[in-house]
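What follows is one structure encoded as C-alpha cells, with my remarks underneath.
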Amino acid sequence: MVLIINATDRFLAVFFAALATGIYLCTLAYCIRWLVYTDEGWKIRKRINKTMLSGTLSIFILSSIHTSFAVATSFETIRHMELGIVDDPNVALPWTAVVLCTMANTVVLIADGFLIYRCWLVCFKSFSKIIFPCFFWVGGVVCTVLQAYWQIVQSAAIVTAWTPVNMDIGPGTILTPFWGSTIVVNVYATSVIVYTLWKTARRDESKLSESTGQLLFIMRVIIESGALYLIMTIPHFIVWWTPSGTAILILGWINVPVVGSAFNLIILRTSWHRAKEEGIEELGITAIQFNPPTGHSETLRTKDDTSSTAVSVTY
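Residue 315, in full-length UniProt numbering, is where the sequence shown stops; the numbers in between run on with no holes.
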C-alpha cells in the first residue's frame, strides 16, 4: 500500500527544512570566519586548515543541492495535485528523487568520515581504534550505492513490493541499515574521543589546570554536538518502521542541515573558546603532554605562529 503525501505535508516539510537551513547557514558563516580569518580581525590566515575547510564547503554544497531540489520537487508535486495529475507507480522514479537521497547520504558520510578522522587523531593515529567505525562507514557507502541502484534500475519493483519498513519516500530496506550504521559510528567515535580526552584531563589536572580546562571544554562540545546529531538521527531511523511518510519526509529534510550544523558547531565553538582564552591571558607557549600506552609521547601545543591551536586544527 502506497500512502499519499498531500500538499500540507509537503509544506510542513519545506517549512521545517527552511528553519533548520537558516540555523545551519548561520553556523556556516561563523565557521568559515574562524577557518579563513585570523582571530584578531579580518585578515586571511597564513595557514588555513584546508582539510576542515574542504569538508565544511562540501557539506554546504551538497546541502544546498538537497534543499533546492526538495523545494523544487515539492512545488512540482503540489502543482500536480492541484491539476489532478496522478503519477504512475509503475514507471521509474524521477532522477530528482535519486539526487535527494544520494545528497543526504553523502552529507552524513562526510560528517562521519571527519568524526572518525578526529577519533584517529585523538587516539594518536592508532588505526586499531578506528577499525570498528570504519567498517560501518564503509557499510554506509555500500548502502548509498545500493540505494542509488535500486532507485534508478528497479524503482517500480521497489514501490509495489511489500517490505517490513516504509518505502514511500525512498528504499527503506536500504536506508534503515544506512541510518543504523551512522548511529553506531557516531556513538562509538564520540565515546572514544570523550573518554580519551577525559583520561588525559584527569591525569594532568594537577599539573596543567588551564590545559585541563580546555580539554574539558572540548569534551563538552563533542558531547553536545554528538547529542544534537543523535537527537535527529535516531528518530529518523525509527520512523522508517512506521507507516508515516510525512514523518520520514520532515525528518529527512531536517536531518541534512542539522548534520551540517553539528559539524560546524564543533569548529566554531572550539575556535571561539581558543580566541577568548588567548585574549584574556597573553601567555607564552604551553603544552599538553599526552602519554600513549605505547611508551612514546606526543605534544599538543595550544598556541602556534598563526594564532591557531592544535586543538582547533583537529576539531
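Note that CB positions come from ideal geometry on N, CA and C, so glycine has one too.
Quick one: what's got a C-beta closer than 7 angstroms to residue i's C-beta in the same chain, skipping five residues either side?
i, result
"Val71", "Val14"
"Val141", "Leu109"
"Val259", "Val107, Val108, Ala111, Tyr229"
"Thr67", "Ala17, Thr21"
Identify the continuous alpha helix (DSSP H) that holds residue i and give its terminal residues.
i, result
"Tyr37", "Per DSSP, Tyr37 belongs to no alpha helix (DSSP H) and is neither H nor E."
"Trp95", "95 to 122"
"Pro133", "131 to 153"
In or out: residue i buried (at least 16 other Cβ within 10 Å) or exposed?
i, result
"Leu19", "exposed"
"Pro243", "exposed"
"Val122", "buried"
"Leu62", "buried"
"Ile254", "buried"
"Cys26", "exposed"
"Ile192", "In the sequence on display, residue 192 carries Val and not Ile. Buried, because 16 or more other Cβ atoms sit within 10 Å of the Cβ of Val192."
"His80", "exposed"
"Arg274", "buried"
"Ser128", "exposed"
"Tyr149", "exposed"
"Thr144", "buried"
Skipping 5 residues on each side, what residues in its chain have a beta carbon closer than 8 angstroms to that of residue i?
i, result
"Ile116", "Ile130, Pro133, Cys134, Trp137, Val185, Ala189"
"Val194", "Met219, Ile222, Ile223"
"Gln147", "Cys101, Thr102, Asn105, Gly170, Pro171, Ile174, Leu175, Phe178"
"Pro94", "Thr73"
"Ile65", "Val99, Met103"
"Leu12", "Thr246, Ile250"
Can you tell which of the options has the C-alpha that lies nearest to the C-alpha of residue i?
i, options, result
"Gln151", "Thr96, Trp198, Ser58", "Thr96"
"Ile267", "Thr51, Leu12, Arg202", "Thr51"
"Arg202", "Ile254, Leu215, Asn255, Ile250", "Leu215"
"Val256", "Arg47, Cys101, Cys119, Val187", "Cys101"
"Thr73", "Gly226, Lys46, Ile218, Ala7", "Ala7"
"Ala262", "Cys31, Val153, Ser126, Cys123", "Cys31"
"Asp9", "Gly252, Arg274, Leu57, Gly139", "Gly252"
"Phe114", "Ile78, Gly55, Gln147, Pro94", "Gly55"
"Leu28", "Trp42, Ile59, Arg47", "Ile59"
"Ser181", "Tyr37, Lys276, Phe237", "Phe237"
"Val98", "Thr246, Phe127, Ile44, Val153", "Val153"
"Gly226", "His273, Ile78, Gly41, Arg118", "Arg118"
"Arg269", "Ile250, Phe124, Gly139, Phe217", "Phe217"
"Trp120", "Thr144, Thr77, Cys143, Leu197", "Leu197"
"Ile231", "Ile183, Glu82, Ser64, Ile48", "Ile183"
Helix or strand or just coil, what does DSSP make of residue i?
i, result
"Ile250", "helix"
"Ile267", "helix"
"Ile44", "strand"
"Ser244", "coil"
"Lys125", "coil"
"Asn186", "helix"
"Met49", "The question names Met, yet the displayed sequence has Asn at residue 49. Coil, per DSSP."
To which residues of the same chain is residue i closer than 6 angstroms at the C-beta, ignoring the five residues directly before and after it?
i, result
"Leu53", "Leu35"
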